[in-house]
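Right, one structure below, let's go through it.
In my numbering, the protein residues as written are 37 to 339.
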């Protein structure tokens with residue numbers, strides 16, 4: 037169960053703690069007094085939202101592994117039978133008058149962060165129907181605590197997804213061999229040069245932040261002999277890669293990485309020209325690419 041729902045017990049305990057320690061007492065008090073439930077009665081629960089729901093962070097970060105494990109069980113007949121039984125039994129716990137309830141396991145594993153964010157939506161709905169100034173201030177504070185935690189959790193989750201995506205690209209790139217003449221410079225020099233080989237997983241050199249893949253697409257690449265070849269263009273936050281795809285889905289770099297801060301963009305003014313984008317002017321080489329019906333040229337710079 038830990039592979040399908042990693043760390044689910046602490047998450048369940050967090051939801052139960054918010055209910056039993058804060059929401060339920062406020063509800064019981066309102067029923068006993070016959071007065072509307074006051075938001076200030078559960079104020080402490082939501083201002084402590086980060087501490088209560090801290091286990092949700094690890095659960096959300098591991099959910100991708102759980103989805104991969106679920107996918108590996110798709111052809112397991114025993115598991116499929118168990119899943120049907122579990123869904124049938126679980127459905128009995130819901131009143132049909134409450135509307136349709138999606139109990140598909142795949143749906144339950146999709147975007148678990150949304151289940152935490154619903155608390156913020158609930159508070160916003162309460163705020164919409166609250167007129168008392170003190171109660172509104174309390175609700176706004178509670179919403180701020182929930183939103184701040186969810187934004188932080190979403191950023192952490194997004195960063196992990198970006199790193200996983202980046203590692204997938206890095207694993208596809210074939211190791212470029214250093215020229216043979218480098219060996220003649222001595223072991224120490226070769227070691228120094230080796231440390232400067234492309235490593236997408238390293239932080240960006242100018243700000244220390246982790247890079248992200250922004251886009252990847254197919255292009256036509258014109259080599260030195262004037263022949264057009266199929267190529268892959270990969271755009272990252274700080275550089276552009278031009279690579280050749282192989283049958284093994286690996287990538288072989290056709291050009292050294294192009295730093296985005298060294299690229300100069302040009303827009304052609306001729307409306308009859310099919311080339312509507314020109315990218316990159318470098319000091320030593322020129323690139324000519326075509327994407328779909330458009331051509332992209334790179335001119336050689338003399339400075």
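Cβ atoms here follow ideal geometry from the backbone N, Cα and C, with glycine treated the same way.
Everything numeric in this text was worked out from a predicted model, so none of it was measured.
Assigned secondary structure, residue i (DSSP; H/G/I helix, E/B strand, else coil)
i, result
"residue 286", "coil"
"residue 187", "helix"
"residue 109", "coil"
"residue 337", "Low confidence applies here, because residue 337 scores a pLDDT of 38, under 50, leaving its location unreliable; read the following figure in that light. Coil."
"residue 40", "coil"
"residue 115", "helix"
"residue 120", "helix"
"residue 167", "coil"
"residue 195", "helix"
"residue 149", "helix"
"residue 204", "helix"
"residue 61", "helix"
"residue 81", "helix"
"residue 238", "coil"
"residue 178", "helix"
"residue 245", "coil"
"residue 173", "helix"
"residue 89", "coil"
"residue 156", "helix"
"residue 134", "In this prediction, residue 134 scores a pLDDT of 49, lower than 50, which makes its location untrustworthy; no coordinate-derived value is stated."
"residue 233", "coil"
"residue 310", "Confidence is the limiting factor: at residue 310 the pLDDT is only 47, short of 50, which leaves the residue's position unreliable and the question unanswerable from this model."
"residue 72", "coil"
Candidates the options, of which the one nearest residue i by Cα
i, options, result
"residue 250", "277, 168 and 260", "277"
"residue 271", "83, 100, 255 and 122", "255"
"residue 206", "92, 145, 69 and 288", "288"
"residue 81", "174, 163, 200 and 197", "174"
"residue 189", "79, 240, 60 and 149", "149"
"residue 203", "184, 234 and 125", "234"
"residue 298", "285, 281, 198 and 275", "275"
"residue 141", "294, 122, 57 and 169", "122"
"residue 75", "87, 161, 114 and 51", "161"
"residue 42", "224, 97 and 167", "97"
"residue 197", "301, 67, 238 and 99", "99"
"residue 163", "228, 107 and 79", "79"
"residue 260", "56, 167, 291 and 84", "291"
"residue 154", "185, 169 and 224", "185"
"residue 172", "305, 77 and 245", "77"
"residue 293", "269, 281, 168 and 73", "269"
"residue 296", "193, 225 and 241", "241"
"residue 72", "245, 165 and 199", "165"
With 16 other Cβ atoms within 10 Å as the buried cut-off, status of residue i
i, result
"residue 156", "buried"
"residue 182", "buried"
"residue 191", "exposed"
"residue 47", "buried"
"residue 152", "buried"
"residue 89", "buried"
"residue 257", "buried"
"residue 93", "buried"
"residue 118", "exposed"
"residue 159", "buried"
"residue 54", "buried"
Residues that DSSP places opposite residue i in a beta bridge
i, result
"residue 270", "252 and 277"
"residue 295", "275"
"residue 264", "258"
"residue 209", "287"
8 angstroms contact criterion, which residue i and residue j should meet: CB distance rounded
i, j, result
"residue 279", "residue 209", "7 angstroms"
"residue 59", "residue 105", "Incorrect: roughly 33 angstroms between the Cβ atoms, too far for contact."
"residue 50", "residue 91", "6 angstroms"
"residue 145", "residue 111", "Wrong, their Cβ atoms sit about 18 angstroms apart, outside the cutoff."
"residue 273", "residue 247", "5 angstroms"
"residue 95", "residue 179", "Rounded, the Cβ-Cβ distance is 23 angstroms, inconsistent with contact."
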